[in-house]
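Report on the structure given below.
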Amino acid sequence: MFTKSNIPELFKQYAPHLDPAPYLAAAHVFPMRVNNHVAESLVDWKNVPEDPMFQLAFPQPAMLHRPDLERMMHASRTGIPKAGLQQLAEEIRMEMNPHPANQKTENVPKLNGEELPGMQHKYRETVLFFPSEGQFCHAFCTYCFRWAQFTSVGSAQTFKSSNAGQLRNYIAKNRQVRDVLFTGGDPMVMPVRHLAGYLDPLIANDTEDLAHLDTIRIGSKSLAWWPYKYTTDGEAGDVLRLFERVVRSGRQLAFQAHFSHPRELEHPAAQEAIRQIRMTGAQVRGQAPLIRHVNDKPEVWRRMWDLQVKLGVVPYYMFVERDTGASHYWNVPLGRAHDIFNTAYSQLSGTARTVRGPSMSASPGKVGVVGVENIRGEDVFLLKFWQARDPSWIGRVFFAKYDPEATWLSDLVPAFGEKEFFFEPRYRELVKRTGEGSSGQLSD
Ligand SMILES: *Cc1c(COP(=O)(O)O)cnc(C)c1O
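Position 423 of the sequence shown, counting from 1, maps to 423 under UniProt numbering, and the rest follow consecutively.
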């Protein structure tokens, strides 16, 4: 395992032409965790710093605004005490929207009048669960929207639960819930006994009260960052047998795999891991955000989706990077995102066109940019709800003025001279009622 203190030795060994100082400064502000699979098998050191895997795993100097980078490097050079460095790092983090739109407090469900921490229930059919032991990752992605939770200061605020019984009871009482999604961090960092502690109560078919639960999903980067979890790790067999138990209970086990770049899928261990997981009867789906410096080319997505289909992974979502952390370094304007998506999509076989994107996980719902057109003389975005707080919005299409610089829903205004988007009056009512997103802004 490599952290920021290993940067000098790693660069000396693999990239002697790179000055480690600005990278150390970046890694003081942004969390860094790189394992030997990533450092030794995925990063192409001949091509650093441009290499996409290097960009994805190592905090980059340009993630800091120039003056912040200089302040940080100056502080390191003058050897100020560790506490001073940490304080400076925290000041810089606070300027970078570390907790976008009340992620921690929004959409928290209640059972018998009591709030259930570690759960989110925003869309009628799907509950999210954040298991306590799964709130970190095998390696950290530099663009992660939960980055602040992995810094020492953010970790105290981690939103999580270790209450498997509460999860079970909530689902049992809410018959509209068809689907539970384990997320994090990464649930697949958990030892198998913890994972089983959460899953086994949900699949016990000894009572009728969970008969409406059709699908268990696990959101994970482990197939890219640590595929040995399913191949050579001591517990690999137990993990696969647990997956088999879920499938045998008559439910779908859907593995939502985070793949950012085709190189992750080209590794033989990842391909073997996918094969092992699919043999249990589980389904594997692929999803990732579109990120400048990592995967902002149509060719990268076309190759990735082609390879996914060949390996039996179902292409699912291309997301838009959220407005947090170093988004100035990572984000891709919506118009360009749509172009990248469509150029790749148009070259796929129909079997890969299960993918949707680019999709913004915004506060009203998941909003797709499904078209850029000129309608009677006005350049517009066509937007579509794929998920929504109000289920009656799902599938509806609406229009925003084309703006080549817009990177998020909150940057957009309605087309055709309309005052607001069709959903806004109802949206304001919904956020007022639950007391969340107090500003009613269409951010996250
Ligand atoms: C994305 C997301 C889901 C799952 O949406 P699907 O379209 O079913 O994959 C559920 N809850 C929240 C809060 C989400 O952001």
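Beta carbons are placed, not taken as given, at the ideal position from N, Cα and C, and that holds for glycine.
Under 7 Å: does the beta carbon of residue i sit that close to some heavy atom of ligand 1?
i, result
"Gln55", "no"
"Tyr123", "yes"
"Ser220", "no"
"Gln283", "no"
"Ser361", "yes"
"Trp386", "yes"
"Gln120", "yes"
"Thr434", "no"
"Lys160", "no"
"Leu128", "yes"
"Lys366", "yes"
"Leu430", "no"
"Leu213", "no"
"Leu181", "yes"
How many Å lie between residue i and residue j at the Cα?
i, j, result
"Pro187", "Arg275", "20 Å"
"Ala148", "Gly286", "25 Å"
"Asn6", "Ala57", "13 Å"
"Gly197", "Phe150", "24 Å"
"Glu115", "Gly184", "19 Å"
"Glu272", "Glu264", "12 Å"
"Ser162", "Pro131", "6 Å"
"Val372", "Leu69", "37 Å"
"Asp411", "Thr231", "45 Å"
"Thr434", "Pro117", "16 Å"
"Arg376", "Ala406", "22 Å"
"Tyr14", "Val48", "9 Å"
"Glu106", "Phe159", "11 Å"
"Lys221", "Trp45", "22 Å"
"residue 451", "His212", "As shown, the chain starts at 1 and ends at 444. That puts residue 451 outside it, with no answer to give."
"Ala400", "Ala337", "16 Å"
"Phe381", "Met53", "32 Å"
What residues match up with residue i in a beta bridge as DSSP calls it?
i, result
"Met360", "Val367"
"Gln287", "His258, Tyr317"
"Gly219", "Gln256"
"Asp68", "According to DSSP, Asp68 bridges with nothing at all."
"Thr126", "Tyr123, Asp179"
"Gln387", "Lys366"
"Ser161", "Pro131"
"Leu382", "Gly371, Phe399"
Would you mind giving the Cβ-Cβ distance between residue i and residue j, rounded to the nearest angstrom? I have them listed as a contact below 8 Å.
i, j, result
"Pro227", "His267", "7 Å"
"Phe129", "Val180", "6 Å"
"Leu307", "Pro358", "No, Leu307 and Pro358 are not in contact; Cβ-Cβ is about 20 Å, not under 8 Å."
"Ala172", "Asp209", "4 Å"
"Leu202", "Arg168", "6 Å"
"Met72", "Ala25", "4 Å"
"Phe319", "Leu290", "7 Å"
"Asn331", "Arg302", "Actually they do not touch by this definition, with Cβ atoms about 21 Å apart."
"Arg178", "Glu125", "5 Å"
"Val300", "Ser349", "Rounded, the Cβ-Cβ distance is 17 Å, inconsistent with contact."
Using a Cβ cut-off of 8 Å (strictly closer), state whether residue i contacts chain C.
i, result
"Leu42", "Among the chains in the structure shown there is no chain C, since it carries only a single protein chain."
Measuring CB atoms only, is the region 266-283 touching the region 70-90, in the sense that at least three cross pairs come out at less than 8 Å? no
Is it a yes or a no for the region 336-356 touching the region 418-425, going by three-plus beta-carbon pairs under 8 Å? no
Should the region 82-96 be regarded as contacting the region 104-123, the criterion being three or more beta carbon pairs within less than 8 Å? no
Could you check whether the region 360-367 touches the region 341-351, counting it as contact only if at least three pairs of C-beta atoms, one from each stretch, sit closer than 8 Å? no
Count the CB pairs spanning the region 33-40 and the region 138-147 that are closer than 8 Å, and state whether there are at least three. Touching, per the Cβ criterion.
So, does the region 246-257 touch the region 204-224, judging by three or more C-beta pairs under 8 Å? yes
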